[in-house]
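Structure first, then comments.
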Amino acid sequence: MKNIILSISRIFVGVLFIFSGLIKANDPLGFGYKLQEYFEVFHLNFLSGAATGIAILLCTLEIILGALLLLGFWSKKVAWGLLVLIIFFTLLTFVSAAFKVVTSCGCFGDAIPLTPWQSFSKDLILLALILVIFFNKHHIKPVFTKPAVQRNIAILITLVALGFGIFTYNVLPIIDFLPYKVGVHIPSQMIIPPGEKPDEYEIMYHLVNKKTKEEKDMSDKAYLKTEIWKDNNWEIVGEPVQRLVKKGYEPKIKDLKITDASGTDYTKELIENPYYSLIFVAYDLKNANQAAVGKLNALAINATQQFNIRTVLLTANSAQDAEAFIKKNNLFSEVFYADAVPLKSMVRANPGVL
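For the sequence shown, our numbering begins at 1412 and goes up steadily by one.
Below you can see the structure in the form of structure tokens.
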């Protein structure tokens, strides 16, 4: 019975670690952005510049540990590595959930979004299974017993895992799980479809009785229904707080707003325009690839002059920075502005074409 539980634990943990590592390695830039959120929360901003490199290494480590666990190689070292890693992840997801510092853990990238509490629950299950593996590591038998064979297989796994992360970093994700992927009708991703309901909220008031000093919290509906507002002894203290009552349908694209330098909303005009448009995305102009900027500018000039196609640059930089960038590179396109988060989701390259 003990061997059966150990085998199930090994298979489950090993497969999950490989799957998790591959999903994140498929989009190392996206995982790197998530790491930057954690670095900012824990005041480790000096690591932000290395976030993508750290992301690739973490993905590689997950894949290696998962594969070695399934193969049974170096069971003691692998068990220790798994235990240290899962304890770290469990503490991290607990802090994220308890203090609401990061709203999505990024455990499975954008393929399977998890809330911090869901991720923490998942890590607790993994911790229990890894403890089974850890305390029974001496019962794990390797598939191959020759040290040279084990070493060569481990090197091959490392090269494949590391190479996959580097490849997707340079070429873009093999599978795109983001809402702006090729073939998606963006406007339909921004609305709540018929039959679905949006999030339901209520307004909470904090009231204090001026005579008795009694305090109570009351929803806006209860406030009106009980007619407590007619009693002059009760007064609202502080600002009303909006509270989620029931989670509704959430559009896949909910944070995209495109404006000009004055703040005028151009989202519908650009996204729902029935005519062809060439949209360049550069969330960070200061770190944009200069060689790519030149090529895109040539493309914009050709598209406009030869085919009368509107060309647009979307950026998260300030209008002042954008104007300086346009003058420096002699850009031939209109400029609009949006938050960096949706721009990073549109295309991982900086700059890129939507």
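For glycine and all other residues, C-beta sits at the position ideal for the given N, C-alpha and C.
How should residue i be labelled, buried or exposed, when 16 other C-beta atoms within 10 angstroms of its C-beta is the threshold for buried?
i	result
Asn1437	buried
Tyr1748	buried
Within its chain, find whatever has a CB closer than 6 Å to the CB of residue i; leave out the 5 residues flanking it on each side and keep chain order.
i	result
Leu1667	Pro1753
Phe1736	Leu1696
Below 8 Å between beta carbons: does that hold for residue i and residue j?
i	j	result
Tyr1634	Ser1756	no
Thr1569	Ile1475	yes
Thr1678	Ile1669	yes
Val1489	Leu1496	no
Ile1602	Pro1662	yes
Leu1440	Phe1450	no
Leu1655	Asp1610	yes
Phe1531	Thr1501	yes
Asn1684	Asn1761	no
Val1424	Leu1540	yes
Asp1587	Ile1614	no
Gly1477	Ile1429	yes
Cys1470	Lys1413	no
Residues in its own chain within less than 8 Å of residue i by CB, not counting five upstream and five downstream?
i	result
Ala1751	Tyr1694, Asp1695, Ala1727
Ala1711	Leu1689, Phe1691, Thr1722, Leu1742, Phe1743, Ser1744
Lys1636	none
Where does residue i fall in DSSP's three states?
i	result
Tyr1748	strand
Leu1710	helix
Arg1759	coil
Thr1526	coil
Thr1556	coil
Leu1542	helix
Val1593	coil
Ile1690	strand
Leu1765	coil
Leu1725	strand
Lys1511	coil
Asn1719	coil
Tell me which same chain residues have a C-beta within less than 7 Å of the C-beta of residue i, skipping the five on either side of it?
i	result
Lys1658	Asp1610
Gln1600	Pro1590, Pro1662, Lys1663, Ile1664
Asn1740	Val1704, Asn1708
Ala1733	Leu1696, Thr1726, Val1746
Asn1620	Asn1644, Trp1645
Ile1577	Ile1467
Going along the chain, which unbroken runs of the alpha helix (DSSP H) with 4 or more residues stay wholly within the region 1600-1685? 1631-1636, 1678-1682
At 4 residues or longer, what runs of the alpha helix (DSSP H) sit wholly inside the region 1451-1509? 1462-1482
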